[in-house]
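J.: One rule links them: number in the numbering used here = place in the sequence shown (from 1) + 13.
Take this structure first; my questions come after.
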Amino acid sequence: MGGLQKFEQKLEAMISGAFARAFRSAVQPVEIAAALQRECDNNAQILSRQRRMAPNDFHVELAQTDLERLAPYDTALADELANQVKDHAEQQSYVFPGPVSIGFESADDLTTGRFRVRSRAQAKVTGNASNTQVRRARALLEVNGTRHPLHPPGVVVGRGTEADLRINDPGVSRRHIEFEVSQEAGALRLSVRDLGSTNGMLVDGHRVSHTGVRDGTTVKIGNTTMTVKVIEEDMDV
């Protein structure tokens, strides 16, 4: 029995066929599962001869009617779809940059029974700061749904264990960039500099090696974009 057949049978058993009845004339879960597998196959990036990185953040867009039918089962379905994607990745020797996440959204241009899948590789982000430090921070770095304080004298961002903020992105060097943080007359002064990385950085879309940053500044390294968030008003750059 194929993986998709097992997936469909498991879903039906889990919710006693209610899901299948609700979706009889609409989008079928097995179709979504197959589309997620294709999304992995079509977007896998070669890391080495034996390693390919697949997207791990998926958004399934549906017509509003289908989304409403899905609502009572969306959590259970998302969990089972994630497991199906992980099983497929294991069979194909794919790796993920972070946890697998699947969400459902409505799309006005889709009719009942039609759907599409958007995906991206979203790296796992790990920092050393406590929740208290994040709450008390005067400036933060927002990356992949997480928040990390920018505190003096600075914060090194990279893929290696020696970085203060670690991003599991193959396009990121072990020590990629450093956010330099200082205080002058009580005001924060922020800048970012490249640490001799392989791929460099883009600040607000421009390739630079060292520049000041302010509230709303975006910094992209590898496939990961982070945003500076300043809590206070009186900041110099």
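C-beta atoms are modelled at their ideal positions from N, C-alpha and C, and glycine is treated no differently.
Could you tell me which residues DSSP pairs with Q196 in its beta bridges?
T.: Translated into the one-based positions of the sequence shown, residue 196 becomes position 183. Its beta-bridge partners are L201.
J.: On a Cα-Cα basis, can you pick out the residue from V108, T230, T159 and E93 that is closest to Q63?
T.: The count along the sequence shown starts at 1 and reaches residue 63 at position 50. Comparing Cα positions, the closest option is V108.
J.: Please report the distance separating the alpha-carbon of D228 from that of V241.
T.: The residue you call residue 228 lines up with position 215 of the sequence shown. The residue you call residue 241 lines up with position 228 of the sequence shown. Using only the alpha carbons, I get a separation of about 5 Å.
J.: Suppose contacts are defined by Cβ-Cβ distances below 8 Å. Is V185 in contact with V205 by that definition?
T.: Locating residue 185 in the sequence shown gives position 172, where the first residue counts as 1. Locating residue 205 in the sequence shown gives position 192, where the first residue counts as 1. No; because the gap between Cβ atoms is not below 8 Å, this pair is not in contact.
J.: By Cβ distance below 6 Å, which residues in the same chain neighbour T237 in space, the five residues on each side in sequence not counted?
T.: Taking the sequence shown and counting its residues from 1, the one referred to as residue 237 is at position 224. Around T237: A136, I180 and D182.
J.: Would you decide whether E52 is buried or exposed? Buried here means 16 or more other CB atoms lie within 10 Å of its CB.
T.: Counting from one through the sequence shown, the residue named residue 52 turns up at place 39. Per the 10 Å Cβ criterion, buried.
J.: Find the nearest neighbour of A47 within the set D100, L60 and R82, judged by alpha-carbon distance.
T.: Sequence index remark: in the sequence shown, residue 47 carries index 34 (1-based). Cα-wise, what sits closest to A47 is D100.
J.: Assuming the contact rule is C-beta atoms closer than 8 Å, N69 and V138 should be a hit. Round their C-beta distance to whole Å, please.
T.: For the purposes of this step, residue 69 is taken as residue 56 along the sequence shown, with counting starting at 1. For the purposes of this step, residue 138 is taken as residue 125 along the sequence shown, with counting starting at 1. That pair is no contact at about 13 Å.
J.: My guess is that A3 and L201 are in contact by the Cβ rule of under 8 Å, so how many angstroms apart are they, rounded?
T.: The requested residue 3 does not occur in the structure, where the chain is confined to residues 14 to 250.
J.: At which residues does the alpha helix (DSSP H) containing V98 begin and terminate?
T.: The residue given as residue 98 occupies position 85 in the sequence shown. Unbroken alpha helix (DSSP H) run through V98: D87 to Q105.
J.: Comparing alpha-carbon positions, which option in R220, R172 and H161 lies nearest N144?
T.: For the purposes of this step, residue 144 is identified with residue 131 of the sequence shown, where counting begins at 1. Nearest C-alpha to N144: H161.
J.: Hey, could you find the ends of the alpha helix (DSSP H) P42 is sitting in?
T.: Within the sequence shown, residue 42 is the residue found at index 29, counting from 1. Run containing P42: P42 to N56, per the alpha helix (DSSP H) assignment.
J.: Apart from the five residues on each side of it in sequence, which residues of its chain come closer than 7 Å, Cβ to Cβ, to L60?
T.: Residue mapping note: residue 60 aligns to position 47 of the sequence shown, counting from 1. The residues are M66 and P183.
J.: At which residues does the beta strand (DSSP E) containing V216 begin and terminate?
T.: Translated into the one-based positions of the sequence shown, residue 216 becomes position 203. V216 -> beta strand (DSSP E) spans M214 to V216.
J.: Is it buried or exposed, D207, if we count other Cβ atoms within 10 angstroms and call 16 or more buried?
T.: What you label residue 207 is simply residue 194 of the sequence shown in a count that begins at 1. That one is buried.
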